[in-house]
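Contents: one structure, followed by commentary.
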Amino acid sequence: MNEFKNFINGKWVSSSKTFENRNPVDNSLIGLVHEAGREDVDAAVKAARAALRGSWAQLKVEERVDLLHAIVDGINQRFDDFLAAEVADTGKPHVLAGHLDIPRGAANFKVFADLIRNVPNETFSTETHDNGRALNYAVRVPRGVIGVVCPWNLPLLLMTWKVGPALACGNTVVVKPSEDTPATATLLGEVMNKVGVPAGVYNVVHGFGPDSAGQFLTEHPLVDGITFTGETVTGEAIMKAAAKGVRPVSFELGGKNPGIVFADADFDKAVAGIARSTFENTGQVCLGTERVYVQRPIFERFVAALKQRAEAFKLGRPQDPGVNFGPLISLQHREKVLGYYKMAKAEGAVVVTGGGVPAMPEPMNVGAWIQPTIWTGLPENSPVIREEIFGPCCHIAPFDTEEEVIRLANSTPYGLAATVWTQDLGVAHRMGAALDVGLCWINSWFLRDLRTSFGGAKQSGIGREGGVHSLEFYTELRNVCIKL
Ligand code: NAD
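Each residue of the sequence shown is one higher than the last, beginning at 4 in my numbering.
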C-alpha cells in the first residue's frame with residue numbers, strides 16, 4: 004500500500020489521520036494520504052523559516068541555480084516514476100502527461116534558474132538640491148516563506164510553476180497539493196533530498212481546504228505570501244485568510260473562456276484547435292474553451308465537424324495505445340459536471356453529442372468517466388454558458404459581427420483566456436486589444452513561452468506570473484539611495 008506522508012524539514016512525517024487516494028480510471032485505491040494537522044503545518048512553516056535565514060540564504064546565487072538544474076535532472080532521471088504517479092492520480096492518458104505534465108514540471112525549474120542568473124537591475128543617477136548627485140539602485144530580496152496551494156488538474160506542472168520561481172528567488176516553500184493528487188508533490192521531496200536541497204527549503208503538507216492543511220497554511224502568521232491556483236470562491240476564502248497580517252497573494256483562478264471562430268479562419272485548423280481547447284485533459288484545463296462563438300456562414304459546418312472530433316476520442320486505460328481521453332478527476336467532480344449536463348437539457352439545449360456517462364467495461368465502469376459533450380441553442384444568460392463547468396463540454400453559438408462577439412466574449416465575470424481563429428490580421432489585432440482576458444491566443448491555444456506573463460483578468464486572478472513577472476510576487480524590491 005502506498006503511503007503519502009508529509010515532507011517537513013527534509014523528513015517524512017506520518018500522521019495519525021489518513022485519507023484514501025483513489026484512481027479515477029476504476030476507483031481503485033492508490034494509497035493512504037497522511038493528513039497534516041495544525042501542528043504539522045506549523046512545523047513545516049517553521050522549518051521553512053529556519054532554512055530561509057539559514058542554509059538557503061547562505062548559498063550564492065550560482066549555487067542555487069546549480070541546485071535548480073539538479074532538480075531538473077532529478078525529475079528527468081525519475082521521469083517514469085513521475086509519469087506513473089501523475090497518471091494514477093489523475094487518470095490522464097500517458098501520451099498527455101508524458102508530453103505536457105512531466106516535461107513542464109521539469110522545465111519550470113530550468114526557466115527560472117536561467118532567469119535569476121540574468122535578471123537586470125534598476126539604477127538611477129539622481130541630481131540633488133545641493134547640486135550633488137545620488138545613486139539609486141534596487142535590491143531584490145526574497146519575499147520569505149511562500150505558501151503554495153495547488154489544484155488537481157495539472158498537479159506537477161502547476162505546483163512547480165510556483166515552486167520554481169519561489170526557490171529561484173531565494174524563498175522557501177510549504178506546498179499544499181490538492182487532496183486528489185498528492186503523489187507528484189511527495190515524489191518531488193525525494194528528488195529534493197537526493198540532489199541536496201537543504202532541509203526546510205521545500206516542504207509538503209497534505210490535506211483538504213477548510214479546517215485542514217489548506218486553511219492552517221494560509222492562516223499561518225509566519226507565511227509571508229500565498230500563491231494559489233484554483234477556484235475563484237476558494238480564492239476569496241484564501242484572500243480573507245491573507246488579510247490578517249496584510250500578506251500578498253498571487254492568484255490564478257477560474258475561467259469561462261471563449262473560443263471565437265471567424266468565417267475566414269482556416270477551417271480545419273480552427274476545428275482541431277477548438278477540439279483541443281475544449282476536450283484536452285477531459286476539459287479540466289483552466290485555459291480551456293467552454294463557450295464557442297462561430298460566425299454564421301460556417302456555423303452548421305463547424306458544429307458538424309466538432310461533433311465528429313468529439314466522437315472520435317478514444318476512452319480507455321491511460322497506458323493503452325491510442326487512448327487520448329481520460330476520466331474526470333473524481334466521482335465527486337463528475338457529479339458537479341453532470342449537474343450542468345442535466346441543466347443544459349432542462350433549459351432546452353440541443354445536445355449535439357454526448358451529455359452523459361459512457362458505457363465502460365469492468366473495472367472502468369466504476370470510474371469517473373464522462374462523455375465529451377457539445378450543446379447549441381442555449382440563451383446567453385444560462386448558467387451553463389456563464390459558470391465554469393471544468394468538464395469536456397462546450398456550447399456553440401452563432402454570431403454575425405465583430406462587435407457582437409466582443410460583447411458576448413466579455414460578458415462573464417471571468418477573464419482568463421481566449422482563443423481566436425481568423426486569417427485577417429486586422430481582426431486578430433483588434434480582438435487582442437478588445438477581449439478582457441489575461442491571455443489571448445490567435446490561431447493557437449495553450450502555446451506557451453514561459454518568459455511571457457500568465458494570469459487572469461477580472462475574477463480569474465490577481466497578479467501575473469511567468470518570466471520576470473514572477474519576480475513581482477516572489478521578491479520584494481528595496482531601493483538603496485546613496486548620496487555621493
Ligand atoms: P479548488 O479551489 O477546489 O482547490 C484548490 C486547492 O485549494 C486545493 O489544494 C484545496 O484543498 C485548497 N483549498 C480549498 N479550500 C481552501 C481554503 N478555504 N483554504 C485554503 N485552501 C483551500 O480548485 P480545484 O477544484 O482543485 O481546481 C480546479 C479549479 O482551479 C478550477 O476553477 C480551475 O479553473 C482552476 N484553475 C485555474 C488555473 C489558472 O491558471 N487560472 C489553473 C488551473 C486550475
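We put the beta carbon where it would ideally sit given N, CA and C, even for glycine. The structure presented is a predicted model; accordingly, all values stated were derived computationally and were not measured.
Output yes or no for whether 7 Å exceeds the beta carbon distance between residue i and residue j.
i	j	result
threonine 235	glutamine 462	yes
valine 174	alanine 50	Sequence check: residue 174 is asparagine here, not valine. Against a cut-off of 7 Å, the Cβ pair of alanine 50 and asparagine 174 comes out as no contact.
glutamate 350	leucine 381	yes
tyrosine 343	valine 387	yes
proline 366	proline 27	no
alanine 313	arginine 337	no
asparagine 24	isoleucine 33	yes
alanine 141	glutamate 130	no
valine 204	alanine 54	yes
phenylalanine 305	proline 401	no
glycine 77	asparagine 196	no
proline 168	serine 473	yes
leucine 309	valine 274	yes
proline 321	histidine 97	yes
glutamate 293	lysine 259	yes
arginine 467	glycine 458	yes
alanine 100	leucine 190	no
alanine 116	valine 166	no
Mind checking who residue i pairs with in its DSSP beta bridge?
i	result
isoleucine 377	Thr356, Cys397
glutamate 193	Glutamate 193 pairs with nothing; no bridge assigned.
alanine 420	Leu442
proline 3	One cannot answer for residue 3 here, as it falls past the ends of the chain, which runs 4 to 487.
tyrosine 140	Thr126, Val483
tryptophan 15	Phe10
histidine 37	Thr21
serine 31	Per DSSP, none; premise fails for serine 31.
alanine 460	Gly418
isoleucine 229	Gly150, Val252
phenylalanine 402	Gln298
proline 261	Arg294
asparagine 121	Partner(s): none; asparagine 121 has no beta bridge.
Give me the residue from the options with the minimum Cα distance to residue i.
i	options	result
alanine 110	Lys63, Ala141, Asn134, Trp164	Trp164
glycine 276	Ala47, Ile301, Trp448	Trp448
valine 16	Arg25, Asn30, Met4, Val36	Val36
valine 194	Pro251, Ala246, Gly108, Val369	Gly108
alanine 412	Asp76, Gly192, Val297, Ala100	Val297
threonine 285	Tyr140, Cys397, Thr415	Cys397
lysine 63	Ala88, Cys172, His102, Pro300	Cys172
lysine 243	Gln218, Leu438, Val98	Gln218
threonine 184	Arg467, Tyr417, Thr478, Glu6	Glu6
glutamate 65	Glu89, Leu191, Ile105, Arg120	Arg120
phenylalanine 254	Met4, Gly13, Tyr477, Trp378	Tyr477
isoleucine 105	Val122, Asn79, Phe127	Asn79
glutamate 407	Arg467, Ile377, Leu438, Ser385	Leu438
lysine 339	Ala137, Val354, Gln311, Ile392	Ile392
tryptophan 152	Thr21, Ala352, His102, Ala240	According to the sequence provided, residue 152 is valine. The question's tryptophan does not apply to it. With distances taken between Cα atoms, valine 152 lies closest to Ala240.
Going by beta carbon distance, what residues of the same chain come within less than 7 Å of residue i, once the five residues before and after it are set aside?
i	result
valine 208	Asn9, Ala39, Asp43, Val44, Ala47, Val177, Lys179, Ala216, Leu220
threonine 455	Gly469, Gly470
aspartate 29	Pro366, Met367, Val369, Gly370
isoleucine 465	Val252, Ser253, Phe254
CB-CB under 8 Å to residue i, same chain, minus the five flanking residues each way: which ones, in chain order?
i	result
glutamine 374	Thr356, Gly357, Gly358, Gly359, Val360, Pro361, Pro395
phenylalanine 316	Phe282, Asn327, Phe328, Pro375
valine 483	Asn139, Tyr140, Ala141, Val142
Compare the C-beta of residue i against all C-beta atoms of chain B and say whether one is closer than 7 Å.
i	result
valine 98	No chain B appears in the structure shown, which is made up of a single protein chain.
Who are the Cβ neighbours of residue i in its own chain at under 6 Å, not counting the five residues just before and after it?
i	result
lysine 486	Ala137
glycine 435	Cys443
Contact between the region 78–93 and the region 153–166 (3+ Cβ pairs under 8 Å) | yes
Specify whether the region 141–151 and the region 51–59 touch according to this definition: at least 3 beta carbon pairs, one from each stretch, less than 8 Å apart.
-> yes
Cβ contact check for the region 73–88 and the region 220–232: 3 or more pairs under 8 Å | no
Evaluate the contact criterion for the region 436–446 versus the region 409–425: three or more CB pairs, one atom per stretch, below 8 Å.
-> Of all C-beta pairs linking the region 436–446 to the region 409–425, three or more are shorter than 8 Å, placing the two stretches in contact.
At least 3 beta-carbon pairs within less than 8 Å: the region 353–363 vs the region 257–272 = no
Stretch pair the region 65–72 + the region 112–121: three plus CB contacts closer than 8 Å | Segments in contact, yes.
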